[in-house]
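Counting in my numbering, the sequence shown runs from 235 upward without gaps.
Reviewing the structure listed below.
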Amino acid sequence: MRLWRHFVFIALLCSASFSQTPLNRDWEKEFRALPDPKLMREYMQRLSARPHHLGSPYGKDNAEWLLAKFKEWGVEAQIETFHVLFPSPQERVVEMLAPTKFVAKLQEPALAEDPSSNQLSEQLPSYNAYSIDGDVTAPLVYVNYGIPSDYEELERLGISVKGCIVIARYGASWRGIKPKVAAEHGAVGCIIYSDPIDDGYYEGEVYPKGPYRPSTGVQRGSVMDMPTYPGDPLTPGVGATANAKRMERKDVKTFTTIPVLPISYGDAQPLLAALVGRVAPEGWRGALPITYRTGPGPVKVRLKLQFHWDLKPIYNVIVKIPGAVYSDEWIMRGNHHDAWVNGAEDPISGMVALMEEVRAFSVLLKQGWKPKRTLIYCAWDAEEQGLLGSTEWAETHAEELRQKAVVYINTDGNGRGYLYSPGSHSLEKFINNVAKDIEDPETKLTVWKRSQLRGIADAKAPEARKELRSRPDLRIGALGSGSDYTAFLDHLGIASMHLGYGGEGGGGIYHSVYDSFHWFTNFSDTNFVYGRALAQTAGTAAMRFAESDLLPYDFSNLAETINKYLDELKKLANSKREEILERNKQIEEGVFAAINDPRAPRISPKTEEVPPYLNFAPLENASAALTQSAERYSTALQKFRETGKPAPLGLNKKLLQAEQKLTANEGLPNRPWFKHQIYAPGYYTGYGVKTIPAVREAIEQKQWPQVEPQIVRVSSVLLGMAEYINAITKELERAAQ
Numbered sequence: 235m236r237l238w239r240h241f242v243f244i245a246l247l248c249s250a251s252f253s254q255t256p257l258n259r260d261w262e263k264e265f266r267a268l269p270d271p272k273l274m275r276e277y278m279q280r281l282s283a284r285p286h287h288l289g290s291p292y293g294k295d296n297a298e299w300l301l302a303k304f305k306e307w308g309v310e311a312q313i314e315t316f317h318v319l320f321p322s323p324q325e326r327v328v329e330m331l332a333p334t335k336f337v338a339k340l341q342e343p344a345l346a347e348d349p350s351s352n353q354l355s356e357q358l359p360s361y362n363a364y365s366i367d368g369d370v371t372a373p374l375v376y377v378n379y380g381i382p383s384d385y386e387e388l389e390r391l392g393i394s395v396k397g398c399i400v401i402a403r404y405g406a407s408w409r410g411i412k413p414k415v416a417a418e419h420g421a422v423g424c425i426i427y428s429d430p431i432d433d434g435y436y437e438g439e440v441y442p443k444g445p446y447r448p449s450t451g452v453q454r455g456s457v458m459d460m461p462t463y464p465g466d467p468l469t470p471g472v473g474a475t476a477n478a479k480r481m482e483r484k485d486v487k488t489f490t491t492i493p494v495l496p497i498s499y500g501d502a503q504p505l506l507a508a509l510v511g512r513v514a515p516e517g518w519r520g521a522l523p524i525t526y527r528t529g530p531g532p533v534k535v536r537l538k539l540q541f542h543w544d545l546k547p548i549y550n551v552i553v554k555i556p557g558a559v560y561s562d563e564w565i566m567r568g569n570h571h572d573a574w575v576n577g578a579e580d581p582i583s584g585m586v587a588l589m590e591e592v593r594a595f596s597v598l599l600k601q602g603w604k605p606k607r608t609l610i611y612c613a614w615d616a617e618e619q620g621l622l623g624s625t626e627w628a629e630t631h632a633e634e635l636r637q638k639a640v641v642y643i644n645t646d647g648n649g650r651g652y653l654y655s656p657g658s659h660s661l662e663k664f665i666n667n668v669a670k671d672i673e674d675p676e677t678k679l680t681v682w683k684r685s686q687l688r689g690i691a692d693a694k695a696p697e698a699r700k701e702l703r704s705r706p707d708l709r710i711g712a713l714g715s716g717s718d719y720t721a722f723l724d725h726l727g728i729a730s731m732h733l734g735y736g737g738e739g740g741g742g743i744y745h746s747v748y749d750s751f752h753w754f755t756n757f758s759d760t761n762f763v764y765g766r767a768l769a770q771t772a773g774t775a776a777m778r779f780a781e782s783d784l785l786p787y788d789f790s791n792l793a794e795t796i797n798k799y800l801d802e803l804k805k806l807a808n809s810k811r812e813e814i815l816e817r818n819k820q821i822e823e824g825v826f827a828a829i830n831d832p833r834a835p836r837i838s839p840k841t842e843e844v845p846p847y848l849n850f851a852p853l854e855n856a857s858a859a860l861t862q863s864a865e866r867y868s869t870a871l872q873k874f875r876e877t878g879k880p881a882p883l884g885l886n887k888k889l890l891q892a893e894q895k896l897t898a899n900e901g902l903p904n905r906p907w908f909k910h911q912i913y914a915p916g917y918y919t920g921y922g923v924k925t926i927p928a929v930r931e932a933i934e935q936k937q938w939p940q941v942e943p944q945i946v947r948v949s950s951v952l953l954g955m956a957e958y959i960n961a962i963t964k965e966l967e968r969a970a971q
């Protein structure tokens, strides 16, 4: 689901919490020598040969082929089936009725250079899954990216979208936010297009001559309100088994409330070119050869959508390699196998790495290696429509996962370039350690060193460069949503990481028919060496967790990062207050009236209530307590390791549940499914993470009465985490005596 070329590198060193024996090192080296790029190419050619979306014959065929492959390699595997609600297009119409007639083609034509692009009868048409049915005719308004700040600008321009159809370009947020915000402002329909300034000819040659989006390319995608909850819309919180109790469709809260459809920039150009009204602000202008205007008028558009709403089976392929010592402690590893169409990059480039990890482990098993902990490898179905396969599996096995899951390691689409490894910050030291043992296939540096040097080159301030050179661990980013880690981290509180390579090269085939074997082998990781690097990285991480005597979590970097988030919150609150004070002062002074151009008038802002000074003391005290407990744990861990004793009985069970102490049963405000109190997808960003979300979003949305109660609530969670770490530390201290 995630588009790697748009990643922002937040890098990834040595961990005092993990020690390796020479034997472990030898097995790791054996493992890393096994992933084979030629085999990955063969797997991709087979898996992406035909469209394999949710409910398709080839999707099921791929699941059965994966199952057969895993069994052929000698590992235990099975398919777990769920039944989910899947809307597929029955009718799609976008037509301009005035000032001229135009009917959008809504078609991605076959290309002679790309053999798989002609499989029209099997292709899922371009659409946005979980849009409602609708037939609306209304004036058109261009809303830039269609995010909240764009509507604030429209308001200043005196433009309302009430009763209109909006047209927004992809980017700046997850696509599902665009119809959500449009509906909140009174729009009756939403059209989304990919502007060539973002991933088309403005960036380079378009496909098939180059990697970028052609004028007919369309980005499909789900618009389910995943910031409310992902997974099957009819069974929130429980697995969508055949006999599960299901909601009525009319009661579902995660469908859009207005019809929404994606189109190509070829179809968008006549609509945008016909708009009159204000010239769009400079930052709103794309690369089409037109004058970008906001409207409304004189363009009148009809948007008609009708879907088949069916329950469809989905097929998760689950591999189990039993642990020889701690069989009830699970190392989870996953990647999805479904795609919007052929999906060579998304997701098969990640899937083939996972396959090679399983094959490599099967070779080691035959040579006598046995993991101490159980490895669970998962090929998820129905990720693209809203993380359905992984979410339903996690909800079905929730209690067992809370007791047994040590870590969840996710991959998705893979490219070429730099290691990207956002995740739980209790894993920051661990993944730094892994990255120092993986060689970049093109530069022959370690991927850790290459990432550090990239960070130094990109740093905007001397302080950032100084930290990159001196801090023993490169920082990792936080996870929001957008791939299959979501249910594990955000709902169940299982420490998670998301791995991939990207940042070099580019492309514009995301979620289109042109995401194909031909595109990937001509324009992306053409020789699959970064596929091998991904298998080496994720497999080493899984192996190292499986073999650790004491689970290699670290809480010092977690505490430091949470304190950093607290500093951000205080700065955010102060900046909001200062911004409102300054604007109110300028209103009083008549600044806006004086500078208003009567020939291009703007509506002056209204005076706002000045927010109160906020009391962050509970969070400051809780963060200090967490820092103290983390430091005490690190000291105790070092002393314990010096004894050479085995891990105290039962301690790992307590460690694997530590991340769960950062969750709250009641969840986030108005979002009970999301239980993690440090990481969550933003309510108005979708994929993008909001850290300490209950507090941060209350400040961002100026819900001032809610801020301090949320500060107190999150503080209680952090204090609980500190107490839990202290209890584990006492056991380590006793064991070290």
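We put the CB at the ideal spot given by N, CA and C, even for glycine.
Note that the structure is predicted; figures quoted are calculated from it, not measured.
query: Segment contact flag, the segment 381 to 397 with the segment 415 to 424, C-beta cutoff 8 angstroms, min 3 pairs; result: yes
query: The segment 400 to 412 in contact with the segment 454 to 462 per 3-pair CB rule at 8 angstroms; result: yes
query: Selected residue, minimal CA-CA separation from Leu952, among Gln940, Ala573, Ala864, Lys294; result: Ala864
query: Alpha carbon of Phe243 to alpha carbon of Tyr652, nearest angstrom; result: Its pLDDT being 37, under 50, Phe243 is placed unreliably by the model, and the measurement read from it follows with that caveat. Approximately 8 angstroms between the Cα atoms of the pair.
query: Selected residue, minimal CA-CA separation from Pro515, among Leu635, Ile582, Ser383, Val494; result: Ser383
query: Given 8 angstroms, three or more beta-carbon pairs between the segment 584 to 602 and the segment 871 to 890; result: no
query: Contained alpha helix (DSSP H) runs [length at least 4] in the segment 268 to 348, N- to C-terminal order; result: 271 to 281, 291 to 306
query: Under 7 angstroms between C-beta atoms of Thr645 and Gly584; result: yes
query: Gln937 classed as buried or exposed, judged by whether at least 16 other C-beta atoms fall within 10 angstroms; result: exposed
query: Chain-order list of residues whose beta-carbon lies under 7 angstroms from that of Val452 (same chain, five-residue window excluded); result: Glu342, Ser360, Pro496, Ile497, Ser498, Ser746
query: Beta-carbon proximity check, Ile710 vs Pro786, cutoff 7 angstroms; result: no
query: Spatial neighbours of Ala772 in its chain, beta-carbon cut-off 7 angstroms, leaving aside the 5 residues before and after; result: Arg567, Ala587, Glu591, Ile643, Thr645, Leu733
query: CA-to-CA distance, Ser449 to Gly323, given in whole angstroms; result: The displayed chain sequence assigns Pro, not Gly, to residue 323. Approximately 22 angstroms, taken between the alpha carbons.
query: Sub-7 angstroms separation of Ile610 and Trp564 beta-carbons; result: yes
query: C-alpha distance - Ala507 paired with Asn830, whole-angstrom precision; result: 28 angstroms
query: The segment 747 to 754 contacting the segment 658 to 673, beta-carbon criterion three pairs below 8 angstroms; result: no
query: Exposed unless 16 or more other CB atoms sit within 10 angstroms - verdict on Trp997; result: No answer is possible for residue 997: it lies beyond the span of the chain, which begins at 235 and ends at 971.
query: Closest Cα partner of Leu975 within the set Gly531, Gly511, Leu505, Val535; result: The chain is shown only over 235 to 971; residue 975 falls outside these bounds and no answer can be derived.
query: Check whether Pro269 and Ala769 have beta carbons under 7 angstroms apart; result: yes
query: Identity of the residue in Ile959, Gly736, Trp627, Lys678 nearest Ala478 by Cα; result: Trp627
query: Straight-line gap, Gly293 to Thr795 (C-alpha atoms, nearest Å); result: 41 angstroms
query: Residues bridged to Met731 (per DSSP); result: Ile643, Gly657
query: Coil, strand or helix - Arg239 by DSSP; result: Below a pLDDT of 50, predicted positions are generally treated as unreliable, and Arg239, at 37, falls in that range; the measurement from the model is reported next regardless. Helix, per DSSP.
query: Residue(s) in a DSSP beta bridge with Gly714; result: In the DSSP output, where bridge partners are listed per residue, Gly714 has none listed.
query: Inter-residue spacing [alpha-carbon to alpha-carbon] between Tyr764 and Gly737; result: 12 angstroms
query: Nonlocal neighbours in the same chain, by C-beta distance under 7 angstroms from Lys638, ignoring five residues either side; result: Asp562, Glu563, Trp564
query: CA nearest to the CA of Tyr435, picked from Gln353, His659, Gly500, Val415; result: Gly500
query: Residue range of the unbroken alpha helix (DSSP H) whose run includes Ser950; result: 938 to 970
query: Three-state secondary structure (DSSP) of Glu439; result: coil
query: Rounded Cβ spacing between Ala476 and Thr625 (contact assumed at less than 8 angstroms); result: Rounded, the Cβ-Cβ distance is 17 angstroms, inconsistent with contact.
query: Selection from Glu900, Ala881, Asn855, Glu816 that minimises the alpha carbon distance to Ala956; result: Asn855
query: Inter-stretch contact at 8 angstroms, needing at least 3 Cβ pairs: the segment 545 to 556 / the segment 329 to 341; result: no
query: Simplified DSSP assignment, three categories, for Leu545; result: strand
query: Own chain, CB closer than 8 angstroms to His240, minus 5 neighbours either side, in chain order; result: Residue placement at His240 is poorly supported in this model, since its pLDDT is 37, which falls under 50; the coordinates still yield a value, given next. For His240, where only same-chain residues beyond five positions count, there are no Cβ hits under 8 angstroms.
query: Distance cut-off 6 angstroms: His659 Cβ against heavy atoms of the ligand SAM; result: Of ligands this structure carries none, so the ligand SAM is not represented either.
query: Opening and closing residue of the beta strand (DSSP E) in which Trp614 lies; result: 607 to 614
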